[in-house]
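Colleague: Take this structure first; my questions come after.
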Amino acid sequence: MLAAATLPCIASAAEGGATRADAEAMVKKGVAYIKSAGDAKAYGEITAKSPQFILHDLYLVVYKLDGTVAAHGANQKMVGKNLIELKDIDGKAFVKERVDLAKSKGTFWQEYKFTNPETKKIEPKAMYCEKLAETVVCGGIYL
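Residues 1 to 143 (UniProt numbering) make up the sequence shown, in order.
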């Protein structure tokens, strides 16, 4: 059973996708950079797809705790938009859930479905997030 549970991560890594460890490391790097460089500079670099914040299909997203996108490493058009009501294909309000989890847990993994920027297909995704002040910094992998 354990072997079966690890297959998606192994398959994803074998195909060149990022792993759970990659996502955790990227989010921690993003949090540290935001703390050292300041919000404006860090958000700009995340949104500009700075190579230090992109790995295969892994990118960072920063949300304010009201659901407004502060930085988005895959789609700069999302910056400034409030996505609190956004739902995945199954009707899961994943941004609202993410903000609620940030407020209650601080650090967490969340699963939902989202369009993979590399394949352009809706795929299961696991997002690792850490609360930072009044924001939540996230990086996800496709399963």
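Glycine included, every Cβ here is placed at the ideal spot set by N, Cα and C.
Here the structure is a predicted model, which means the values were calculated and not measured.
#1: Measuring alpha carbon to alpha carbon, tell me which of E111, V79, S36 ends up nearest K92.
#2: Quick one: what's got a C-beta closer than 6 Å to C138's C-beta in the same chain, skipping five residues either side?
#3: The beta strand (DSSP E) spanning F114 covers which residue range?
#4: Measure the beta-carbon distance from L55 to D100 and round it to whole angstroms, keeping in mind my assumption that it falls under 8 Å.
#5: Tell me, please, which residues DSSP counts as bridged to N82.
#6: Taking all protein chains shown into account, decide if G81 is buried (16 or more other Cβ within 10 angstroms of its Cβ) or exposed.
Modeller: Here's the rundown:
#1: Taking only the C-alpha atoms, the option nearest K92 is E111.
#2: Hits under 6 Å: V61, M127, C129.
#3: It spans 107-115 - the beta strand (DSSP E) in which F114 sits, taken as one unbroken run.
#4: The Cβ separation is near 27 Å, so there is no contact.
#5: DSSP lists T68 as partners of N82.
#6: A small correction: the amino acid at residue 81 is Lys; Gly does not occupy that position in the sequence shown. Exposed.
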